[in-house]
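So, in structure tokens, the structure goes:
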């Protein structure tokens, strides 16, 4: 990963966080689902390789998506947002390969 000089000048420390395992992701999903009192099951989403920040943001976006559609939050809303994240990752990965 390459960081712009402007970004590096504003960061005091870089920390490496290893990828979360399935059990860790399940715990994070469970925590956020329980905290928000959502009608979802962590097991439905813990296979997706996401970090805690992404999980939190996905749940927030899925709630907004459901609300915008005038519906209750469902697993389908969450999966829709996850797919958007995955597509973005794929596109940025391809762009990076093309620029190297």
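Numbering (the numbering used here), first residue to last: -18 to 81.
Glycine included, every Cβ here is placed at the ideal spot set by N, Cα and C.
Residue i to residue j span [Cα, whole Å]
i, j, result
"residue 25", "residue -6", "35 Å"
"residue 18", "residue 49", "19 Å"
"residue -3", "residue 53", "37 Å"
Proximity winner among the options, relative to residue i (alpha-carbon distances)
i, options, result
"residue 46", "-8, 60, -2 and 33", "60"
"residue 32", "-16, -12, 74 and 66", "66"
"residue 1", "51, 29, 64 and -13", "29"
"residue 56", "68, 42 and 69", "42"
Start and end residues, alpha helix (DSSP H) containing residue i
i, result
"residue 33", "33 to 49"
"residue 61", "56 to 80"
Residue i in three-state terms, based on DSSP
i, result
"residue 2", "coil"
"residue -6", "coil"
"residue 12", "helix"
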